[in-house]
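J.: These protein sequence lines are chains A and B, in that order.
Using our numbering, the final residue of the first sequence is 191, and nothing's skipped along the way.
Using our numbering, the final residue of the second sequence is 313, and nothing's skipped along the way.
The beta-carbon is built from N, C-alpha and C at its ideal position, and this holds for glycine as well.
Values in this document were obtained by computation on a predicted structure and should not be read as measured data.
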Amino acid sequence: MSERDYCSILLETASAVLEEATFTPVAPCQQSGEGGPSRIVASVRFCGKANGSLEVQVPASLARLIASAMLGCDETEVTADQLNDAIGEVGNMICGSLLRRLGYSANEQSVGPPFVGDVEPLSAIPGDPVGAISCRSRPVGKCTRSARGVHLRVVTGSGVGTLSTETVSLAVSPEHVVVTLRIEEPSTLGN
Amino acid sequence: MNGLLDVLIVDDSRIARSMIERTLRLGRLPLSKVYHASNGKEGLEILSTRKVNLVITDINMPVMTGLEMLETMKTAAPSLPVIIVSSNPSCESPWMGTARALCKPFTPESLLKMVREVLGQP
Chain A
1 MSERDYCSIL
11 LETASAVLEE
21 ATFTPVAPCQ
31 QSGEGGPSRI
41 VASVRFCGKA
51 NGSLEVQVPA
61 SLARLIASAM
71 LGCDETEVTA
81 DQLNDAIGEV
91 GNMICGSLLR
101 RLGYSANEQS
111 VGPPFVGDVE
121 PLSAIPGDPV
131 GAISCRSRPV
141 GKCTRSARGV
151 HLRVVTGSGV
161 GTLSTETVSL
171 AVSPEHVVVT
181 LRIEEPSTLG
191 N
Chain B
192 MNGLLDVLIV
202 DDSRIARSMI
212 ERTLRLGRLP
222 LSKVYHASNG
232 KEGLEILSTR
242 KVNLVITDIN
252 MPVMTGLEML
262 ETMKTAAPSL
272 PVIIVSSNPS
282 CESPWMGTAR
292 ALCKPFTPES
302 LLKMVREVLG
312 QP
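#1: Can you name the residues that DSSP bridges to B/Ala-292?
#2: When DSSP labels each residue in this structure, what does A/Ile-66 get in the three-state scheme?
#3: DSSP on A/Ser-105, reduced to helix/strand/coil?
#4: Please check the pair B/Ile-275 and B/Leu-303, which I expect to be a contact at CB under 8 Å, by giving their CB distance rounded to whole angstroms.
#5: Quick one: what does DSSP say A/Glu-120 is sitting in, helix, strand or coil?
#6: Name, going along the chain, the residues of the segment 3-22 of chain A whose beta-carbon falls closer than 8 Å to a beta-carbon of chain B.
#7: Report the neighbours of B/Ser-209 on chain A: residues whose CB is nearer than 7 Å to its CB, in chain order.
#8: Measure the alpha-carbon distance for A/Arg-39 versus A/Arg-182 and round it to whole angstroms.
#9: Just to confirm the assignment, what range does the alpha helix (DSSP H) spanning B/Thr-240 have?
#10: How would you call A/Glu-120, buried or exposed, if buried means at least 16 neighbouring beta carbons within 10 angstroms?
#11: Whole angstroms is fine: what's the gap from A/Arg-64's alpha carbon to A/Ser-8's?
#12: Let me confirm a value: B/Lys-265 is counted as buried when at least 16 other C-beta atoms fall within 10 Å, else exposed. Which label applies?
#13: According to a CB-to-CB cut-off of less than 8 Å, which residues of the segment 202-231 of chain B neighbour chain A?
#14: Could one say the Cβ of A/Glu-55 lies closer than 8 Å to chain B's Cβ atoms, at least one of them?
#15: Starting from A/Arg-45, follow the beta strand (DSSP E) in both directions and report where the run begins and ends.
#16: What number of angstroms, rounded off, separates the C-alpha of B/Asn-244 from the C-alpha of A/Glu-77?
#17: May I ask you to list, following chain order, the residues of the segment 293-307 of chain B that have a beta carbon less than 9 Å from some beta carbon of chain A?
#18: Does the Cβ of A/Thr-79 have 16 or more other Cβ atoms within 10 Å, making it buried, or fewer, making it exposed?
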């Protein structure tokens, strides 16, 4: 499986999780998502046949929208703990879904609890670019390779909706969720 | 099943527990009490003092995992319906025993369908 294949799977997985968890369509976009406001980061470590981590970075304001959509409450009612819990759960779901799509079972993979914290604006992933990624004919991210392994980055735009008993109403956010997969032993993947 | 439904939700994520409870309430199930536990140990403590009709549990949790809790429940409450809702890579594998399983993220419709199935409701 090529790096591009992994990027496509990561994009599909992250999009599906965000759509199902926040009840709203998610569209790939060209923006890098770097810079801008402070972000909440959830990092999920996995080990076993494949070792690495998955990181989800969400602007704090978008995290509030995501948490309110998941909880079904108003943005103003979301607490700091709920913000962190929501992004941690998103990271957990993306990581589990991704490992399933890559064909790993619980017998050969262990997934740790999400670690969540605040960070300053993103810095670039270290390493040499190895190619742009396209999805639905639009570039959505890039692959880089460094001495520590293969880094796959997918940037998705996100709108967040609120679920009512009968309908879904949508408020589109211009901000972006960044999902980064770090695999320390890429040679073991796909075997 | 007739009458009101008491449910135990076990998950270390509060937001996941809230999402599950909200789904059950939006599904217009005849809910009475919904108990929350953040790990298997807390779940067993609730089960030792409260009667519930359904357990919905995660797998990966600190202190006691969902599978460890289910192992104890095999003898303590063997006929209690259980639904596993987890992002675990093998959440739909047969090694979950008799429990039904649903992978995260789930759609409200899929969870409600499974709840009605395990409770024998139309």
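T.: Quick answer:
#1: Paired residue(s): B/Ile-275.
#2: In the displayed model, A/Ile-66 falls within a helix according to three-state DSSP.
#3: If DSSP states are grouped into helix, strand and coil, A/Ser-105 belongs with coil.
#4: Actually they do not touch by this definition, with Cβ atoms about 16 Å apart.
#5: With a pLDDT of 45 at A/Glu-120, under the threshold of 50, the modelled position of this residue cannot be trusted; read the value that follows with caution. Correct three-state label for A/Glu-120: coil.
#6: Listed by position along the chain: Ala-16, Val-17, Glu-20 and Ala-21.
#7: Within 7 Å Cβ-Cβ: Leu-71.
#8: Approximately 19 Å, taken between the alpha carbons.
#9: Start and end: 231-240.
#10: With a pLDDT of only 45 at A/Glu-120, under 50, the local geometry of the prediction cannot be trusted, and the value read off the model is given with reservation. It counts as exposed.
#11: If you take the alpha carbons of A/Arg-64 and A/Ser-8, they lie about 27 Å apart.
#12: Exposed, because fewer than 16 other Cβ atoms sit within 10 Å of the Cβ of B/Lys-265.
#13: Residues Asp-203, Ser-204, Arg-205, Ile-206, Ala-207, Ser-209, Met-210, Arg-213 and Leu-217.
#14: No, no contact with chain B.
#15: For A/Arg-45, the enclosing beta strand (DSSP E) starts and ends at 39-48.
#16: So the two alpha carbons sit approximately 31 Å from each other.
#17: So the list reads Cys-294, Lys-295, Pro-296, Phe-297, Thr-298 and Pro-299, given in the order they occur along the chain.
#18: So A/Thr-79 counts as exposed.
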